[in-house]
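Q:
Numbering (UniProt numbering), first residue to last: 1 to 239.
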């Protein structure tokens with residue numbers, strides 16, 4: 001867990017886990033715009049979380065005991081890098097899912113885009129950190145968080161608006177109007193991901209991520225998400 005940071009008198013905490021609820025620590029300590037209900041068992045709404053740890057399982061177990069409730073299921077995995085990358089890269093895939101929604105291409109197309117994005121998430125994570133475990137992607141931080149974000153997250157919502165505006169309004173403009181003070185993580189992540197892929201010469205291996213990044217910077221139109229080579233031939237990534 002990273003040290004506490006103070007900004008404008010508000011203390012924030014780094015992510016200690018990931019799941020279909022987002023970041024536990026951030027939501028508890030720093031959020032003032034989102035209704036929190038994950039610890040209210042009376043609502044009987046089931047949520048999950050995955051906590052990544054390295055070597056010291058005893059510490060991870062303490063976090064599990066702290067957060068787990070009958071309706072908030074917590075698991076621990078010895079794979080910090082995998083948990084963190086899942087929690088980051090899913091936002092890029094959610095942008096693509098939102099573009100599909102805005103283009104009104106239907107559920108089958110959205111499912112295909114999510115599958116291709118999930119495949120590149122896994123391939124990139126294992127290429128960057130060979131220690132990342134396949135099993136991590138099937139924890140809550142992986143497939144569950146991806147599904148939740150692609151159907152209900154802010155990145156999906158703004159990307160849908162971007163596509164409906166045919167890319168004529170930037171993500172920065174739409175962020176201010178659609179999110180009402182919340183921040184969009186996916187676009188920044190897509191840009192940083194683009195830089196890493198170019199710097200390491202991996203761009204040909206990740207056409208999906210490259211396409212999303214170029215759409216975000218308005219180098220390509222929203223409909224390009226349907227035409228990238230990863231969509232047309234998505235069998236090349238095997239790690």
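All residues carry an ideal CB built from backbone N, CA and C; glycine is no exception. Predicted model, so just to flag it, every value in this text is computed and none were measured.
Only counting the same chain, and skipping five residues up and downstream in sequence, which positions put a Cβ closer than 6 angstroms to that of residue 160?
A: The residue labelled residue 160 in the question sits at position 160 within the chain shown. Excluding positions up to five away in sequence, the list reads 98, 101 and 102.
Q: In whole angstroms, give me the CA-to-CA distance for residue 222 and residue 140.
A: One-based indexing of the chain shown puts residue 222 at position 222. One-based indexing of the chain shown puts residue 140 at position 140. So the alpha carbons of these two residues sit roughly 29 angstroms apart.
Q: Give a yes or no on whether the C-beta atoms belonging to residue 76 and residue 64 are separated by under 7 angstroms.
A: For the purposes of this step, residue 76 is taken as the residue at position 76 of the chain shown. For the purposes of this step, residue 64 is taken as the residue at position 64 of the chain shown. In contact: residue 76 and residue 64 (Cβ atoms closer than 7 angstroms).
Q: State yes or no: is the C-beta of residue 83 within less than 7 angstroms of the C-beta of residue 49?
A: Taking the chain shown and counting its residues from 1, the one referred to as residue 83 is at position 83. Taking the chain shown and counting its residues from 1, the one referred to as residue 49 is at position 49. No.
Q: Once the 5 residues before and after residue 54 are set aside, which same chain residues still bring their CB inside 6 angstroms of it?
A: Position 54 of the chain shown, counting from 1, holds the residue named residue 54. Only 80 meet the Cβ criterion.
Q: Skipping 5 residues on each side, what residues in its chain have a beta carbon closer than 8 angstroms to that of residue 61?
A: Taking the first residue of the chain shown as position 1, residue 61 is located at position 61. Hits under 8 angstroms: 76.
Q: With DSSP as the reference, label residue 129 as helix, strand or coil.
A: Counting from 1 along the chain shown, the entry for residue 129 is found at position 129. Three-state result, residue 129: coil.
Q: Below 8 angstroms, how does it come out for the region 116-129 and the region 84-96: are there three or more Cβ pairs, yes or no?
A: Verdict: yes, contact present.
Q: In terms of alpha-carbon separation, which member of 197, 189, 215 and 138 lies closest to residue 168?
A: The sequence position of residue 168 within the chain shown is 168, counting from 1. It is 215.
Q: Consult DSSP for residue 173 and reduce its assignment to one of helix, strand or coil.
A: Locating residue 173 in the chain shown gives position 173, where the first residue counts as 1. In this structure, residue 173 counts as helix in the three-state DSSP scheme.
Q: Quick one: using the 10 Å Cβ neighbour count with 16 as the cut-off for buried, is residue 157 buried or exposed?
A: Position 157 of the chain shown, counting from 1, holds the residue named residue 157. It is buried - the Cβ of residue 157 has at least 16 other Cβ atoms within 10 Å.
Q: To the nearest whole angstrom, what separates the beta carbons of residue 212 and residue 95, a pair I think is in contact under 8 angstroms?
A: Counted from its first residue, the chain shown places residue 212 at position 212. Counted from its first residue, the chain shown places residue 95 at position 95. Yes, they are in contact, since the Cβ atoms of residue 212 and residue 95 sit about 6 angstroms apart, within 8 angstroms.
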